[in-house]
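Positions 978 to 1370 (the numbering used here) are the ones given, in order, by the sequence shown. Even for Gly, the Cβ is constructed at its ideal location relative to N, Cα and C. Predicted, not measured: the structure shown is a model, and the values here were computed from it.
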Amino acid sequence: MNYNVNEKGYYGVFGGAFIPEMLYPNVEELRQKYLDVMAEPDFKKEFNQLLKDYVGRPSPLYFAKRLSKKYNTKIYLKREDLNHTGAHKINNTIGQILMAKRLGKTRIIAETGAGQHGVATATVCALMGLECIVYMGEIDIARQAPNVARMKMLGAKVVPALSGSRTLKDATNEAIRDWINNPVNTHYIIGSAIGPHPYPDMVTRFQSVISEEIKWQLKEQEGRENPDYVVACIGGGSNAAGTYYHFLHEPDVKIIAVEAAGLGVNSGESAATSVLGKEGIIHGCKTLLMQTSDGQITEPYSISAGLDYPGVGPMHAHLAKTGRAEFMAITDDEAMTAGLELCQLEGIIPAIESSHALAIFEQRTFKPEEIVVVSLSGRGDKDLDTYIKYFKL
């Protein structure tokens, strides 16, 4: 079974490029060139140099001693929260800004939910001196005010999405509209492993530095490259895609994908796409999608602004369908409790997205000798307001 994208842009039955004709030249240019550009020695050199000197990679693989003791297993945290800008998102935006420059683009657009991708895009645009427009749902702008301020300080223009649920899905719709209107000079930096081919594959490859590092870091610490489990939270799924990438075809490594159950999978207020989703098309690709019986997209819900997306990336849909990954759904309450526990056991304040991944240890037991690597995809600074309200701090 192949878990990577095929030459037609599909992961099994998921993926493809379902796009308006106006966008065809853009997406086609990217498809024809992305692998060649990424293989260029100059590109690799510049990408790796920036990851090292600007982002601060490699990010540590940290053995969480007290957390491991509590759950009687070996828990390692891949510290993506220590990257510049506070999350894994910067790995992808560095790669894509270098790609955009080589394709001669002068204007960058992006969508953002929790604001981390928006900040990471604004950051690399400032670094490279390119115009930056970020679309963000009006509701997310209100609940992620510090990130909005950061984007503006970095010189980006933040445009509110006022339609629909006024969250990530709607911000993505607005970004695609902009792209259709400005196809020649604009590159759209998609922040997740979603969108028309080649985006899911390109984003995954830029994020695959995560699993690449896990392998040699684990070898250093445990004398073996492969953990027993790799765990990551999933919205669109770029941190997960990067965490799984080098383990996809290693049958001894089990993959756990953690979705936001919101108020409960069957509560009507959830974002557990693998359970609630059916095949459909969103934002240019065929994937699992939360929708009504007549195909209207249903509004997802999660306390985490980064996980309330109605679909998952096509690679993850394929992992779910084939059974390669085990999908678990974690409620708001379980995630918030797990986040606070990490603060108090390890002195690390995680993003609420990452807290979903940490919450699995209350639900399932691992053996004492098993090694479980969890992607700590982001830090909790952006979520302090939510933590304060939830725990009445």
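- Residue range L1038 to F1040 is occupied by the beta strand (DSSP E) that includes F1040, with no alpha helix (DSSP H) assigned at that position.
- According to DSSP, residue pairing for V1111 in a beta bridge involves A1087 and V1135.
- Per the coordinates, the alpha-carbon of F1024 lies some 43 Å from the alpha-carbon of K1369.
- Annotation for L1075: F1020, E1023 and F1024 place their beta carbon closer than 7 Å to its own, counting only its chain and skipping 5 residues before and after.
- If you look at R1056, you'll find it in the beta strand (DSSP E) that goes K1051 to R1056.
- In this model, P1037 and I1325 are separated by some 13 Å (Cα to Cα).
- The C-alpha of S1331 is placed about 6 Å away from the C-alpha of G1355.
- Between A1138 and Y1112, the C-beta gap is smaller than 8 Å, which places the two residues in contact.
- Take P997, set aside five residues on each side of it, and the residues of its chain with a beta-carbon closer than 7 Å to its own are I1157, in chain order.
- The three-state secondary structure of V1235, taken from DSSP, is strand.
- In the assembly as shown, M1313 is a buried residue. Its beta-carbon has 16 or more other beta-carbons within 10 Å.
- Secondary structure note for F1183: its alpha helix (DSSP H) is the uninterrupted segment Y1176 to Q1184.
- Going by C-alpha positions, V1014 is about 8 Å away from R1079.
- At the C-beta level, I1337 and M1305 come within 8 Å of one another.
- Counting every other CB atom within 10 Å of its CB across the protein chains shown gives S1140 a total below 16, marking it as exposed.
- Bounds of any beta strand (DSSP E) do not take in G1095; it lies within the alpha helix (DSSP H) bounded by Q1093 to M1105.
- Taken in chain order, the complete alpha helix (DSSP H) segments of 4 residues or longer contained in the segment 983-1067 are 1001-1016, 1018-1027 and 1042-1048.
- Excluding five sequence positions before and after Y1367, the CB atoms of its chain that fall closer than 6 Å to its own CB belong to M1313, given in chain order.
- Residue state for E1256 is assigned as strand, using DSSP reduced to three classes.
- If you look at V1161, you'll find it isn't in any alpha helix (DSSP H); DSSP assigns it neither H nor E.
- In the structure shown, R1356 adopts extended strand secondary structure according to DSSP, grouped into three states.
- Here DSSP, grouped into helix, strand and coil, assigns F1343 to coil.
- With respect to H1333, V1235 sits close: the two C-beta atoms are nearer than 8 Å.
- Per the coordinates, the alpha-carbon of A1217 lies some 30 Å from the alpha-carbon of D1271.
- Within the segment 1254-1306, the complete alpha helix (DSSP H) segments at least 4 residues long are 1291-1299, listed from N- to C-terminus.
- A contact between stretches requires three or more CB pairs, one per stretch, nearer than 8 Å, and the segment 1122-1136 fails this requirement with the segment 1190-1198.
- Sorting D1285, G986, V1242 and E1303 by C-alpha distance to the C-alpha of R1143 places D1285 at the top.
- The C-beta distance from I1232 to L1296 rounds to 7 Å, short enough to meet the 8 Å contact threshold.
- Out of L1322, K1344 and L1361, the CA that lies nearest to the CA of R1043 is found in L1322.
- For the pair T1083 and P1160, the Cα-to-Cα distance works out to about 11 Å.
- P1123 is not bridged by DSSP to any residue.
- Bounds of any beta strand (DSSP E) do not take in Y1367; it lies within the alpha helix (DSSP H) bounded by L1361 to F1368.
- Between the segment 1268-1282 and the segment 1341-1353, the count of C-beta pairs closer than 8 Å stays below three; the two stretches do not touch.
- Partner residues in the beta bridge of V1350, as assigned by DSSP, are Y1053 and V1207.
- A contact between stretches requires three or more CB pairs, one per stretch, nearer than 8 Å, and the segment 1173-1182 meets this requirement with the segment 982-990.
- Going by DSSP, H1333 is part of the alpha helix (DSSP H) stretching over I1329 to L1335.
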